[in-house]
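A.B. asks:
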Amino acid sequence: MKPFLKNIEKKSLILASASPRRQELLRGLELDFTVKALDIDERVPADMPAEYVAAHLSKLKSVSYPETVKENEILITSDTVVIENGHILGKPQSEEEAYDMLKSLSGAVHTVMTAVTLRDHKRSVTLEDQAEVTFRFLEEEEIRHYIRKYQPFDKAGAYGIQEWIGFIGIQSIQGSYFTVMGFPLHLVYEQLKKWT
Numbered sequence: 001m002k003p004f005l006k007n008i009e010k011k012s013l014i015l016a017s018a019s020p021r022r023q024e025l026l027r028g029l030e031l032d033f034t035v036k037a038l039d040i041d042e043r044v045p046a047d048m049p050a051e052y053v054a055a056h057l058s059k060l061k062s063v064s065y066p067e068t069v070k071e072n073e074i075l076i077t078s079d080t081v082v083i084e085n086g087h088i089l090g091k092p093q094s095e096e097e098a099y100d101m102l103k104s105l106s107g108a109v110h111t112v113m114t115a116v117t118l119r120d121h122k123r124s125v126t127l128e129d130q131a132e133v134t135f136r137f138l139e140e141e142e143i144r145h146y147i148r149k150y151q152p153f154d155k156a157g158a159y160g161i162q163e164w165i166g167f168i169g170i171q172s173i174q175g176s177y178f179t180v181m182g183f184p185l186h187l188v189y190e191q192l193k194k195w196t
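In UniProt numbering, the protein residues as written are 1 to 196.
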């Protein structure tokens, strides 16, 4: 364990996420952790404002974890939402839905919000971050190529910033790249540094 994270050297981290991107990012902090995928009903109240949804789902995933979090464990759950004009773009259910989402993001600015909940046997902390993403105008064939090749059906807003569409389409980001990718590492690291 790193000397600057000595406070958690006796803790076992559990990432309750099936997302390979979140697993990859947490590994980037050079931390040991176990993965225990969690599958929950992610429906939210219809009247909930879009900016509250990521935190709501992150907390819901945490409390839905089926095992008791032990004294030496820290459970980590997370959720990301893509918001366009006050509406959430979820995970597309078909190629046409993915196309419609990307077409609506083309040439426009949207918000990505990610929340992370860390919980041990005695407390829970939820962190939130947001970024503004600007796409250039995307041609129809570019959108179709991305959907055919990358099958972005497990991604909010039908895209992954770390994939081809991000390379060719994103003009600017106001905020953290990793928040858009789905895991605000800077916030997680700072919280772990002060965990007691």
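For glycine and all other residues, C-beta sits at the position ideal for the given N, C-alpha and C.
Just to confirm before moving on: does the CB-CB distance between residue 125 and residue 173 stay below 7 Å?
C.D. replies: No, Cβ-Cβ distance for residue 125 and residue 173 is not below 7 Å.
A.B. asks: Let's test the definition: count the other Cβ atoms within 10 Å of the Cβ of residue 116 and tell me whether it reaches 16, buried, or not, exposed.
C.D. replies: Buried, by the Cβ-count rule.
A.B. asks: If distances are taken between C-alpha atoms only, which option among 188, 33, 190 comes closest to residue 73?
C.D. replies: 33
A.B. asks: Quick one: give me the first and last residue of the beta strand (DSSP E) that residue 134 is part of.
C.D. replies: Segment 124 to 135, the beta strand (DSSP E) holding residue 134.
A.B. asks: Can you tell me which residues form a DSSP beta bridge with residue 180?
C.D. replies: DSSP, once it has assigned bridges, lists no residue as partnering residue 180.
A.B. asks: Between 167, 16, 87, which has its C-alpha nearest residue 65's C-alpha?
C.D. replies: Comparing Cα positions, the closest option is 16.
A.B. asks: By DSSP, does residue 115 sit in helix, in strand, or in coil?
C.D. replies: strand
A.B. asks: Just to confirm, is the Cβ distance from residue 78 to residue 104 under 7 Å?
C.D. replies: Cβ distance not < 7 Å, so residue 78 and residue 104 don't count as in contact.
A.B. asks: At a cut-off of 6 Å, is residue 100 close to the ligand MN when judged by its beta-carbon and the heavy atoms of the ligand?
C.D. replies: This structure lacks the ligand MN, and indeed carries no ligand of any kind.
A.B. asks: Counting Cβ pairs, one atom from each stretch, are 3 or more of them under 8 Å apart for the segment 148 to 162 and the segment 86 to 102?
C.D. replies: yes
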